[in-house]
Each structure stands twice: as structure tokens, then as C-alpha cells.
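Sequences listed follow chains P and E, in order. Numbered by the numbering used here, the letters in the first sequence go through residues 81 to 360 in order. Numbered by the numbering used here, the letters in the second sequence go through residues 81 to 360 in order. Beta carbons are placed, not taken as given, at the ideal position from N, Cα and C, and that holds for glycine. Heads up, the thing below is written out as C-alpha cells.
2 protein chains.
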Amino acid sequence: SSSSASMDELRAKFMEFPYVSAPHKDLMLELLSSVDNRIGSSLQPCTLPTDVQHFGNPTGTASASLHLRSGVVSSQIDFILGGWIHCKLPSGSSLNITSLSAYLKSSTNAPHFLMELIQSSPNSLILILDLTPRKDLILYLDYLKTYYEDTQLDKHRQRLHTLPEVTPYFSPSLYIRSVLSPTAVIVNIDIGAGEKTNIEEIIRDDIGPVAKEVLQFWLDSCACSERSVVGESEKCYLAERDRIIKSKTIEVDLGSSFPRLFGQEVADRVLSVLKEYYNA
Amino acid sequence: SSSSASMDELRAKFMEFPYVSAPHKDLMLELLSSVDNRIGSSLQPCTLPTDVQHFGNPTGTASASLHLRSGVVSSQIDFILGGWIHCKLPSGSSLNITSLSAYLKSSTNAPHFLMELIQSSPNSLILILDLTPRKDLILYLDYLKTYYEDTQLDKHRQRLHTLPEVTPYFSPSLYIRSVLSPTAVIVNIDIGAGEKTNIEEIIRDDIGPVAKEVLQFWLDSCACSERSVVGESEKCYLAERDRIIKSKTIEVDLGSSFPRLFGQEVADRVLSVLKEYYNA
Numbered sequence: 081s082s083s084s085a086s087m088d089e090l091r092a093k094f095m096e097f098p099y100v101s102a103p104h105k106d107l108m109l110e111l112l113s114s115v116d117n118r119i120g121s122s123l124q125p126c127t128l129p130t131d132v133q134h135f136g137n138p139t140g141t142a143s144a145s146l147h148l149r150s151g152v153v154s155s156q157i158d159f160i161l162g163g164w165i166h167c168k169l170p171s172g173s174s175l176n177i178t179s180l181s182a183y184l185k186s187s188t189n190a191p192h193f194l195m196e197l198i199q200s201s202p203n204s205l206i207l208i209l210d211l212t213p214r215k216d217l218i219l220y221l222d223y224l225k226t227y228y229e230d231t232q233l234d235k236h237r238q239r240l241h242t243l244p245e246v247t248p249y250f251s252p253s254l255y256i257r258s259v260l261s262p263t264a265v266i267v268n269i270d271i272g273a274g275e276k277t278n279i280e281e282i283i284r285d286d287i288g289p290v291a292k293e294v295l296q297f298w299l300d301s302c303a304c305s306e307r308s309v310v311g312e313s314e315k316c317y318l319a320e321r322d323r324i325i326k327s328k329t330i331e332v333d334l335g336s337s338f339p340r341l342f343g344q345e346v347a348d349r350v351l352s353v354l355k356e357y358y359n360a
Numbered sequence: 081s082s083s084s085a086s087m088d089e090l091r092a093k094f095m096e097f098p099y100v101s102a103p104h105k106d107l108m109l110e111l112l113s114s115v116d117n118r119i120g121s122s123l124q125p126c127t128l129p130t131d132v133q134h135f136g137n138p139t140g141t142a143s144a145s146l147h148l149r150s151g152v153v154s155s156q157i158d159f160i161l162g163g164w165i166h167c168k169l170p171s172g173s174s175l176n177i178t179s180l181s182a183y184l185k186s187s188t189n190a191p192h193f194l195m196e197l198i199q200s201s202p203n204s205l206i207l208i209l210d211l212t213p214r215k216d217l218i219l220y221l222d223y224l225k226t227y228y229e230d231t232q233l234d235k236h237r238q239r240l241h242t243l244p245e246v247t248p249y250f251s252p253s254l255y256i257r258s259v260l261s262p263t264a265v266i267v268n269i270d271i272g273a274g275e276k277t278n279i280e281e282i283i284r285d286d287i288g289p290v291a292k293e294v295l296q297f298w299l300d301s302c303a304c305s306e307r308s309v310v311g312e313s314e315k316c317y318l319a320e321r322d323r324i325i326k327s328k329t330i331e332v333d334l335g336s337s338f339p340r341l342f343g344q345e346v347a348d349r350v351l352s353v354l355k356e357y358y359n360a
């Protein structure tokens, strides 16, 4: 049908990552392919309306593609959202964001997955890569042990921090700082501080391997884990905490930038659809 | 009596901070004097046994003073612990730690106070300064707003991070990273990276003002706050979370280093007394 052709076109447009460098695009495609290989059969096709899968601002300086796939009923995956955002800046350079995030259902307590690459100049890049905790790590020290200590997740952060180009990044949002795990990679990468001569090299040699390893761990040990069958009261706890995480994340992450990037009308349309999924 | 004379001597020994630089000692004395001025009347005298107030290792290379004052029954203060630790290192230099921490009762939900200065070489220093959250900041976003966002606590961290000598410090303990607030100052200060020529200068000009301001805020708005009278279920929540914080903090912070510094026998004696207060 013409409708499914249009869906294929939209998926192709999403997979194009048209505004980022070749290593950046390759990384995103490799991550999406890992998702597909490992849990593709547990995911529905993207069900977003076509004008939410791809959209731009009225003046044509900003555009974006979103691809959201919900988990099938029997899976532990709530949904996976991939996307890219492009915006020409008044300075002449561009803002390019690519992201991949995944939320699990309250039938498991395993961490969510979060990755975001934010490039606002040719020589610098912000990377956020984390398995977001579902439980208060103080009240549930066993959770900290199981998912973060025993798994040695911190090694990925440590590896990136050996690069002279890498410095810690502090999100201006205290909520974002609070929601991340103690092993979160949240760094600024600045060319000029080290030996590598461009961001593409760092994406290929350093960010890529780390992102792929963290995602693979999440796919194997979180998205497909059998171990964390949770009881009713834990389920309620997870559902309530996830409800807050999702609504606050969409507010802080997209709610604040989308109106600025795409105008109020487009932002309202896209956000109202995403909120249905985030508050489901 | 001879016993109270001995108590005075032990207090004097604690207040001596004999192994740190003049600005470092001055800062500690100023902080202790702020505590005394603002909440001294709510605190009992130190009730630690004399051999826990001051002790050393058998070979005489390590010594320490601890000064712990419990809050009177009517106050919201559980206890305040000040201390210094000195240890000669095989390298020839010394390890010097000074600290001030304060825990509140579950009749208030206001944050605890934590400050630690760790100097293991003449040219570098680790500073930990925080108001430790009592509640999960995700499940209780209003708590994050009240104590961390509306108070602009992050400005202190930001101020220190403008110094070229300052870089973020990552505790090897994921528990320590998790227990701190998103506005925690947890930094490494290294001479050689900037314009200041010694650590003393940075303590006097930069760390001092920030530490005094954060402590004053804690004294005025947390230790003496009337606003946070909590209900029974919140009280239980706070009590349980505090119980975990205290027992884990003593395990990670002191339990791992004391046997190494002072030998097992002294460490056991001191820790068993402290545990009574920490688990109270």
C-alpha cells in the first residue's frame, strides 16, 4: 500500500542520519542493527504518525526524524526511541543530536538505556551514555551491586576518561544529574586538548567501541534478562518511579528545546504524541 | 576532676590540627566555631571514651583525634563528628585528613552535612563538600527543588570549578558517588595546573569561603529549620535510609582504611564505639 511505502521511506530517512559525519552515522547504524539482531523480534514496527516520524520548522532551518518501536506484549521492553535532530545555528555551524533510548516495563527492574550525542560545533561533542537505574541506589544497595559494581560498568567511563580530549560534563539540569547512574559517561570531548585531530576519529576509535559494548550488555543482561521477575509491590514502585522519569525526561530534554528549534505548533504536535508513549 | 581535665586536654588536642598547614587549621577552627555559635547549645559535650578521642598506631607513625557531639533531645541534630587523621607514608610525605560531618534526626528531612579534606601530597588535595540528600531525588522531585534547585547550591561547585587547579574527582566507591547530591563538590586540586603556587593559598582564598558558606546554609536552613516536620511514614522512610547511609558510610569511609592505618586492634576499638553512634 502507499501507506506502508511511506513508512518505509520514513524509516529510510531516519536511517540516513543525513547531517552527521560518516563515523557518527556508522555508529548509529551499528547500534540500531545490534538492537534489531538481538531484540528485533520483540519489537513492533514504528507506530508514530508520519508527521512525527519526520518534521521540520516552518523556515526549513531545522529538521528531525524519530523512530519509536514498542515492545510486543510478551517482551520486557516498553519502547525504544531512536532519533536525529539537525538545526542550523545563527553562528553558521549546526547543532546535530543523535540519540537512542530504551525503556523497560515494570515486569523487570533492570536499568533503562540512554545514549545521546550532541554536537554543536565541529570540534566538540557531548556524550551521554548510561544505564539508568530504576531504583534508589541507597535504599537498594543490592541493586547498585548487581547492575553497577559486579558488572564493572565503570570501566567504560574510565576508558574514555583516559583520553586528554575528554572532560566531565555537568548537565545544567540537576534532575538529569540525579537520574543518571554513578557509572554514567557524561563527557565533553574537545579537539585541541589531545592528539586526535578530529571528532570523527574519536567517535570511531573510542566512543564507538564503548557505546557498542554498553548497548550489548544492556541487550543481553537487561532487555532479555530472565532474572528480575519482580513482585507486586516492587512493580508498583518501579511503575511510579518510571512514570516520573519519563515525564520529567521528556519535559527537560525535549520540552525545553523543541519549541525553540521547531516552533510551538510543530513542538506541540510531536510532544503530545511522544507523551502518550512516555506516560503509557 | 581529673577526668574532666583530661576531656579538656583531649578537646584541645583535637582543636590543634597539629599536622596541617595554618590556613587548613584556621578553616577547620572557623567551621567548628560556626557550629558552636549557631547550634552549640543544642549539642552535648563529646561523650566518646578517651581512647577513641585520641589514638595512634603501635609504631607511632599514625595518629588521630575524633570529637563527637550528640544533639540534645529537643534538637533535630543526631550528632556532629569532627576529626583529623595523620599518617606518615612510606614515600616520606604524609596523609592528612580533616573532616566534619553532621547527621540529623528523622524528625526533619533536611540534608546531612559532609566535608572532608584529604591531602596525601604537598601539591594536591581532595575536597568533598556536600549536603547529603535524605530522600531519593527522583521519587521526590520536590525535595530536589526545595534543597538543591531553589537554593542554588550548585553555585558553590561552579565557583570552585572555575579554578584551573580544580578537576572533578571520582570516588572509587560507587556507593559514595551515589550518596552525594547532584551539587556535591567532589574535586581534586592540583598545584601546577594554574596560577596559585600552593595548596594553602587555595584553601584560604577558595575552599574556605565556599565551605563556610555551605556550612552556614546548612546551620541556618537545615539544622535549625522549623519547616520540615515530617509525618510518621516519612519518618520511617528517613530512619531506614539514614540507617543504610550511616552503616555503609562507616564501612566504606573508615572501615576500609582504619585497620590499615592503625592496626586491627585499635581500628576495632574505635569502630565499635563509632558504630554505636552511627547505628543509633
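Using a beta-carbon distance below 9 Å, is residue i in contact with chain B?
i	result
residue 219/P	The displayed structure is made up of protein chains P and E, and chain B is not among them.
When you compare each of the options to residue i by their alpha carbons, which one comes out closest?
i	options	result
residue 196/P	190/P, 189/P, 209/P	209/P
residue 98/E	114/E, 322/E, 165/E, 255/E	165/E
residue 145/P	178/P, 154/P, 158/P, 295/P	178/P
residue 289/E	103/E, 96/E, 91/E	103/E
residue 359/E	263/E, 279/E, 158/E, 194/E	158/E
residue 114/P	343/P, 334/P, 298/P, 336/P	298/P
residue 236/P	255/P, 291/P, 245/P	291/P
residue 192/E	343/E, 337/E, 260/E	260/E
residue 201/P	286/P, 354/P, 270/P	270/P
residue 95/P	328/P, 356/P, 109/P	109/P
residue 315/P	156/P, 90/P, 111/P	156/P
residue 199/E	277/E, 162/E, 181/E, 168/E	168/E
residue 161/P	348/P, 91/P, 225/P	91/P
residue 283/E	312/E, 246/E, 313/E	246/E
residue 329/E	119/E, 287/E, 194/E	194/E
residue 295/E	86/E, 105/E, 100/E, 111/E	111/E
Run through DSSP, which three-state label would residue i get?
i	result
residue 165/E	strand
residue 339/E	helix
residue 82/E	Any reading at residue 82/E must be qualified, since the residue scores a pLDDT of 45, below 50, and its modelled position is unreliable; the value itself is stated next. Three-state result, residue 82/E: helix.
residue 275/E	coil
residue 263/P	coil
residue 172/P	coil
residue 348/P	helix
residue 158/P	strand
residue 199/P	strand
residue 149/P	strand
residue 332/E	helix
residue 353/E	helix
residue 190/E	coil
residue 97/E	coil
residue 243/E	coil
residue 211/P	strand
residue 178/P	strand
residue 23/E	This structure does not reach residue 23/E, given that chain E is present from 81 up to 360, and the question cannot be answered.
residue 270/E	strand
residue 249/E	coil
residue 90/E	helix
residue 128/E	coil
residue 318/P	helix
residue 143/P	strand
Could you tell me the alpha carbon to alpha carbon distance between residue i and residue j, rounded to whole angstroms?
i	j	result
residue 227/E	residue 215/P	21 Å
residue 138/E	residue 132/E	15 Å
residue 345/E	residue 339/E	8 Å
residue 183/P	residue 211/P	10 Å
residue 252/P	residue 217/P	22 Å
residue 189/P	residue 204/E	41 Å
residue 213/E	residue 223/E	8 Å
residue 258/P	residue 248/E	17 Å
residue 81/P	residue 206/P	With a pLDDT of 40 at residue 81/P, under the threshold of 50, the predicted position of this residue should be treated as unreliable, and no value is reported.
residue 272/E	residue 172/E	21 Å
residue 89/P	residue 126/P	12 Å
residue 107/E	residue 116/E	14 Å
residue 321/P	residue 313/P	12 Å
residue 232/E	residue 119/P	43 Å
residue 354/E	residue 334/E	10 Å
Start and end of the beta strand (DSSP E) containing residue i?
i	result
residue 136/E	134 to 136
Tell me the residue span of the alpha helix (DSSP H) that contains residue i.
i	result
residue 289/E	288 to 298
residue 113/E	102 to 119
residue 222/P	221 to 224
Taking 8 Å as the cut-off, is the C-beta of residue i nearer than that to any heavy atom in the ligand ATP?
i	result
residue 148/E	By its list of ligands, the structure shown contains no ligand whatsoever, and the ligand ATP lies outside what it can speak to.
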